[in-house]
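Asker: First residue of the sequence shown? That's 1 in our numbering, and the numbers climb one at a time after it. From the three backbone atoms N, C-alpha and C, an ideal C-beta is built for every residue, glycine too.
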Amino acid sequence: RAKIKDKLEAAVPKIEEYRHASSAVAKKQAELDNRSKKAADDIDAAAEEEIKYLIGLVRRKQTELKEKLAAVTAARSKQLSATADSVESTLGCLSSTVDFSQKVAEHGSDFDVMNVYSDVTTRLESLLKGQIPDIPDDISYVMFVSCTERDRKEIVLGSIADQRMKFTTLGA
Numbered sequence: 001r002a003k004i005k006d007k008l009e010a011a012v013p014k015i016e017e018y019r020h021a022s023s024a025v026a027k028k029q030a031e032l033d034n035r036s037k038k039a040a041d042d043i044d045a046a047a048e049e050e051i052k053y054l055i056g057l058v059r060r061k062q063t064e065l066k067e068k069l070a071a072v073t074a075a076r077s078k079q080l081s082a083t084a085d086s087v088e089s090t091l092g093c094l095s096s097t098v099d100f101s102q103k104v105a106e107h108g109s110d111f112d113v114m115n116v117y118s119d120v121t122t123r124l125e126s127l128l129k130g131q132i133p134d135i136p137d138d139i140s141y142v143m144f145v146s147c148t149e150r151d152r153k154e155i156v157l158g159s160i161a162d163q164r165m166k167f168t169t170l171g172a
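1. Kindly list the residues whose CB is nearer than 6 Å to the CB of residue 76, restricted to its own chain and excluding five residues on each side of it in sequence; keep chain order.
2. Since residue 136 contacts residue 87 with CB under 8 Å, what's their CB separation in whole angstroms?
3. I need the straight-line Cα distance from residue 82 to residue 89, nearest angstrom please.
4. Taking residue 124 as the reference, which of 94, 15, 55 has the closest Cα?
5. Here's the rule I'm using: 16 or more other beta-carbon atoms within 10 Å means buried, otherwise exposed. How should residue 101 be labelled?
6. For residue 130, name the three-state secondary structure that DSSP assigns.
7. Residue range of the alpha helix (DSSP H) that residue 23 falls in?
8. Please report the straight-line C-alpha distance between residue 49 and residue 56, rounded to a whole angstrom.
Written out as structure tokens, the structure is:
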């Protein structure tokens with residue numbers, strides 16, 4: 001009995017050590033869980049910041065491409081408008097000269113024909129010599145060519161530190 005009592009008395013402090021160790025393990029597990037949750041929240045925050053940054057880059061490129069498209073479209077529209085004005089003007093002149101000449105030829109007297117002959121023939125010759133404006137086939141060609149290859153660089157949000165950093169002082 002005495003030996004058992006001695007062993008029991010020795011066991012009591014050991015029980016306290018194990019209770020203390022159990023408490024320390026629980027405390028460390030709670031710290032790990034808290035730090036893990038904070039690290040997960042920090043990862044989410046860093047990812048959101050990176051996503052915002054990348055979205056900003058993509059939006060700037062989108063704006064740049066749309067501005068270039070608008071400039072190309074405006075330049076070509078201006079060129080087509082100038083060509084249309086020239087065609088319409090020449091067509092109007094040619095049509096009115098032809099109409100006038102037909103009326104004079106069909107309904108006018110010999111004197112009327114002789115009176116306008118020089119002006120009408122000069123005007124018709126001038127209009128007939130004019131070149132019909134060249135309209136390039138590719139003037140209306142504009143399209144977006146999507147980039148299918150990605151020049152991806154590794155996205156680095158950070159890293160997981162699973163060991164405490166050791167700090168040293170200079171010269172140590």
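Answerer: The answer reads as follows:
1. Position 76 of the sequence shown holds residue 76. So the list reads 139, once near-sequence residues are dropped.
2. For the purposes of this step, residue 136 is identified with residue 136 of the sequence shown, where counting begins at 1. For the purposes of this step, residue 87 is identified with residue 87 of the sequence shown, where counting begins at 1. That pair is no contact at about 14 Å.
3. Sequence index remark: in the sequence shown, residue 82 carries index 82 (1-based). Sequence index remark: in the sequence shown, residue 89 carries index 89 (1-based). Between residue 82 and residue 89, the C-alpha separation is close to 11 Å.
4. Taking the sequence shown and counting its residues from 1, the one referred to as residue 124 is at position 124. Nearest C-alpha to residue 124: 94.
5. As a first step, residue 101 must be located in the sequence shown, where it is residue number 101. Buried: at least 16 other Cβ atoms inside 10 Å.
6. Here the question's residue 130 lines up with position 130 in the sequence shown. Three-state DSSP puts residue 130 in coil, outside helix and strand.
7. As a first step, residue 23 is located in the sequence shown; it is residue number 23 there, counting from the start. In the DSSP annotation of this structure, the continuous segment of the alpha helix (DSSP H) that includes residue 23 starts and ends at 2-107.
8. As a first step, residue 49 must be located in the sequence shown, where it is residue number 49. As a first step, residue 56 must be located in the sequence shown, where it is residue number 56. If I take the Cα positions, the gap works out to 11 Å.
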